[in-house]
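Student:
Protein chains: 2
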Amino acid sequence: MSDALSGVFAALADPTRRRLFDALAARPDGATATELARGGPVSRQAVAKHLQVLRRTGLAETRRDGREVRYLARPSNARPAAAWIDERALAWERRLGRLSTLLDSPGMVDPVRHGENERAPRD
Amino acid sequence: MSDALSGVFAALADPTRRRLFDALAARPDGATATELARGGPVSRQAVAKHLQVLRRTGLAETRRDGREVRYLARPSNARPAAAWIDERALAWERRLGRLSTLLDSPGMVDPVRHGENERAPRD
DNA sequence: CTTTCGCGCAACTCTTTGGTTGCACTATAC
DNA sequence: GTATAGTGCAACCAAAGAGTTGCGCGAAAG
Chain A
0 MSDALSGVFA ALADPTRRRL FDALAARPDG ATATELARGG PVSRQAVAKH
50 LQVLRRTGLA ETRRDGREVR YLARPSNARP AAAWIDERAL AWERRLGRLS
100 TLLDSPGMVD PVRHGENERA PRD
Chain B
0 MSDALSGVFA ALADPTRRRL FDALAARPDG ATATELARGG PVSRQAVAKH
50 LQVLRRTGLA ETRRDGREVR YLARPSNARP AAAWIDERAL AWERRLGRLS
100 TLLDSPGMVD PVRHGENERA PRD
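Line by line, the protein sequences are chains A and B. At position 32 of the first sequence (counting the first as 1) the number is 31 in numbering that gives the first Met the number 0, and the numbers step up by one without a gap. At position 20 of the second sequence (counting the first as 1) the number is 19 in numbering that gives the first Met the number 0, and the numbers step up by one without a gap.
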């Protein structure tokens, strides 16, 4: 995790952590590690580790309330990561002259597309 | 890397791979692993591995040209990841906007709806 | 005061991953 | 033909990461 961008991307790369992040964002008052672990398949310590990762990357912050520690989501701090992606995607599509943008969105890419030349299918 | 989203996030989490992705996106005709490795600190095989990761996650595609393999960037396929982030950030900011409708958000489904008892009934 | 609950820390395992080197194959160049 | 440049594959290594269990400590609850 060298820079902040890598931290955010790495934090969101784990499905469990994303699910935890969602659960956190659904609670305006935040949640504790014990709360989030109660009912899930992972242990409380694992949840606590995930929450610490989120806090370290700025995607959550802590607030002490008595003897428990509430984690609050900070989804806005993930926006630079989304912006990074959008910049590239936008730049690329602009370079293609926005003509392939329409027919180039089958959702996923064809894994084995060797030998094929499918560029510039203009009109 | 269970789902596609995790794949994209994990792929972009590495700074070397992001830099490679940028270098790829800067070349409209793509580039080969040997080309990208020439001048960089990492070996050709390491670059090839990174490119394969990008290809597996849909962020790049390959095109055979004689005996060399050119990789072409596909930044548009990273958009779902950016959209995932933006959805959360937007939802959060919107919720901060209308504090009165905090308690009833019928459109929002709660991922972890275990036996939660809401404490701290702040008046 | 004693018990209980929540939290943090530490150790450990297993898997993934970013990186290397070496070798074999294949298509171009001479 | 031989030489050479570009890939792919495999083995290997070190570090990180996701998960677990166990234990100790401090704050509420009884």
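We treat Cβ as the ideally placed atom computed from N, Cα and C, and that holds for glycine.
Can you give me the Cβ contacts of Phe20(A) inside the same chain, cut-off strictly under 7 Å, excluding the 5 residues immediately before and after it?
Tutor: The answer, listed in chain order, is Leu53, Leu58 and Ala72.
Student: Counting only Cβ pairs nearer than 9 Å, list the residues of chain A close to Pro40(B).
Tutor: Ordered by position in chain A, no residue passes the 9 Å Cβ test against Pro40(B), which lies about 14 Å from the chain.
Student: In or out: Pro40(B) buried (at least 16 other Cβ within 10 Å) or exposed?
Tutor: Its Cβ having fewer than 16 others within 10 Å, Pro40(B) is exposed.
Student: Name the chain B residues that come within less than 9 Å of Arg78(A), Cβ to Cβ?
Tutor: Neighbours of Arg78(A) on chain B, chain order: Ile84, Asp85 and Ala88.
Student: Give me the chain B residues within the contact set of Ala32(A), using Cβ-Cβ distance strictly less than 7 Å, ordered along the chain.
Tutor: Under the 7 Å cutoff, chain B gives no residues; its nearest Cβ is about 13 Å from Ala32(A).
Student: When you compare the CB of Leu53(A) with every CB in chain B, is at least one pair closer than 8 Å?
Tutor: Judged by the 8 Å Cβ criterion, Leu53(A) is not in contact with chain B.
Student: Which of the three DSSP states, helix, strand or coil, is assigned to Leu4(B)?
Tutor: Helix.
Student: Suppose you measure from the CA of Thr61(A) to the CA of Ala3(B); what does that come to, to the nearest Å?
Tutor: Looking at the two C-alpha atoms, the distance is approximately 30 Å.
Student: From what residue to what residue does the alpha helix (DSSP H) around Ala88(A) run?
Tutor: Arg78 to Arg94 is the extent of the alpha helix (DSSP H) around Ala88(A).
Student: What span of residues does the alpha helix (DSSP H) with Asp21(A) cover, start to end?
Tutor: Its alpha helix (DSSP H) spans residues Pro14 to Ala24.
Student: Could you tell me the alpha carbon to alpha carbon distance between Ala47(A) and Gln44(B), rounded to whole angstroms?
Tutor: Each residue's alpha carbon lies about 37 Å from the other.
Student: For Arg73(A), report the span of its beta strand (DSSP E) as first-last.
Tutor: Looking at the DSSP string, Arg73(A) is not in any beta strand (DSSP E), and its letter there is neither H nor E.
Student: Thinking C-beta only, is Ser75(A) closer than 8 Å to Glu34(B)?
Tutor: Contact flag unset, no.
Student: Given a threshold of 16 other Cβ atoms within 10 Å of its Cβ, counted over all protein chains shown, does Arg66(A) qualify as buried or as exposed?
Tutor: Exposed is the call here.
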